[in-house]
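Undergrad: Chains as they are written, first to last, in this note's numbering: chain A, 4 to 135; chain B, 4 to 135.
1. Residue 27/A: buried (16+ other C-beta within 10 angstroms of its C-beta) or exposed?
2. Under 8 Å by Cβ, that's how I've got residue 63/B and residue 100/B pegged, so tell me the actual separation to the nearest angstrom.
3. For residue 75/A, count neighbouring Cβ atoms within 10 angstroms of its own Cβ and tell me buried if that reaches 16, exposed if not.
4. Listing by chain order, which chain B residues have their CB less than 8 Å from the CB of residue 51/A?
5. Classify residue 53/B: buried if its beta carbon has 16 or more other beta carbons within 10 angstroms, exposed otherwise.
6. Pick out whichever of 7/A, 58/A and 83/A has its Cα sitting closest to the Cα of residue 47/A.
7. Give me the subset of the region 90-115 of chain A whose CB atoms are less than 8 Å from a CB atom of chain B, sorted by chain position.
8. Tell me the residue span of the beta strand (DSSP E) that contains residue 16/A.
9. Taking the beta carbon of residue 112/A as the centre, do at least 16 other beta carbons fall within 10 Å, making it buried, or is it exposed?
10. Taking the alpha-carbon of residue 41/A as reference, which of 60/A, 51/A, 15/A and 119/A has the nearest alpha-carbon?
11. Which value, in whole angstroms, describes the spacing of the CA atoms of residue 70/B and residue 38/B?
12. At least one CB of chain B closer than 8 Å to the CB of residue 80/A: is that the case?
13. Just list the alpha helix (DSSP H) runs in the region 49-130 of chain A, keeping only unbroken ones of 4 residues or longer that don't cross its boundaries, in chain order.
14. Are there 16 or more other CB atoms within 10 angstroms of the CB of residue 17/A, so buried, or fewer, so exposed?
15. Distance cutoff 8 Å, beta carbons only. Does residue 44/B sit that close to anything in chain A?
16. Sorted by chain position, which residues of the same chain lie with C-beta nearer than 8 Å to residue 45/B's C-beta, five sequence neighbours on each side aside?
17. Pick helix, strand or coil for residue 9/B, following the three-state DSSP scheme.
18. Can you tell me the Cα-Cα spacing of residue 86/A and residue 95/B, whole angstroms?
19. Who are the neighbours of residue 54/B on chain A, taking C-beta pairs under 8 Å?
20. Might you give, ordered along the chain, the residues of its own chain that have their beta carbon closer than 8 Å to the beta carbon of residue 67/B, omitting 5 neighbours on each side?
21. Which one of 117/A, 88/A, 118/A and 25/A has the shortest CA to CA distance from residue 61/A?
22. Return the CA-CA distance between residue 143/B and residue 56/A, expressed in angstroms with no decimal places.
23. Taking the alpha carbon of residue 98/A as the reference point, which residue from 21/A, 65/A and 19/A has its own alpha carbon closest?
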């Protein structure tokens with residue numbers, strides 16, 4: 004396996020991390036994601052990590068880097084399905100996953116992305132009585 | 004990795020196959036899927052196999068078995084993202100994936116599941132002028 008599949012669904016790209024990440028795989032994922040955001044105009048990247056029992060600083064950095072690059076391309080990154088033990092470890096390690104939103108599961112993560120898409124939609128249409 | 008993560012999204016369960024399947028993993032996936040169909044009332048199971056360069060008779064049987072069990076629980080199985088080379092091999096091997104719908108990608112597969120959900124919805128509501 005040299006590539007992690009990226010699923011396009013609505014305005015989101017969904018990635019499920021199931022395998023041990025290594026340098027080359029992480030780099031390939033970042034490249035594939037950015038290429039796909041550019042090609043599809045996706046507004047959100049959902050990374051599902053429920054299979055990961057450990058998120059070390061390498062994976063933490065990879066997530067932060069993917070989020071930063073995606074943001075440049077105007078897509079928001081949401082990490083979904085983090086195990087409670089992983090959350091505890093991340094806080095203990097001081098890895099803050101800057102710039103990354105989290106969601107309990109993919110469904111809620113998708114809701115975040117959809118909210119963003121409908122904001123776009125509102126902004127694009129002629130709105131009357133716009134508040135705030 | 005002893006479990007393949009299953010993502011619930013709308014009325015569908017989405018599974019991305021990325022790793023080499025072996026007996027125990029295939030069995031665990033089937034068990035997890037059936038339990039999750041029962042718990043969530045999902046109407047569709049989407050299995051994304053774009054990462055698979057080879058679908059041998061073991062994986063073929065696994066897919067057919069998952070589809071058969073899912074059907075018992077009133078959920079339809081859609082295999083998405085099959086590589087062209089895999090399709091050729093399956094036909095050559097005479098593996099017909101009975102009872103399984105296929106879709107070019109997850110987005111189209113999701114459309115199949117959504118169509119089924121809206122059929123449910125129509126049937127549940129008071130319909131007038133129902134044809135056929």
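Glycine is no exception: its CB is placed at the ideal position from the N, C-alpha and C atoms.
TA: This is what the structure gives:
1. exposed
2. 6 Å
3. Burial call: exposed.
4. Under a criterion of Cβ atoms nearer than 8 Å, the residues of chain B adjacent to residue 51/A are, in order, 8 and 10.
5. buried
6. For the residues 7/A, 58/A and 83/A, the minimum Cα distance to residue 47/A belongs to 83/A.
7. 108, 109, 110 and 113
8. 15-19
9. buried
10. 15/A
11. Using only the alpha carbons, I get a separation of about 14 Å.
12. no
13. 60-75, 87-96 and 109-127
14. buried
15. no
16. 11, 14, 15, 16, 39 and 78
17. strand
18. Residue 86/A and residue 95/B: Cα-Cα distance of roughly 43 Å.
19. Neighbours of residue 54/B on chain A, chain order: 4, 6, 7 and 8.
20. 100, 101, 102 and 103
21. 25/A
22. No information on residue 143/B is available, as it lies outside the stretch 4 to 135 that chain B covers here.
23. 65/A
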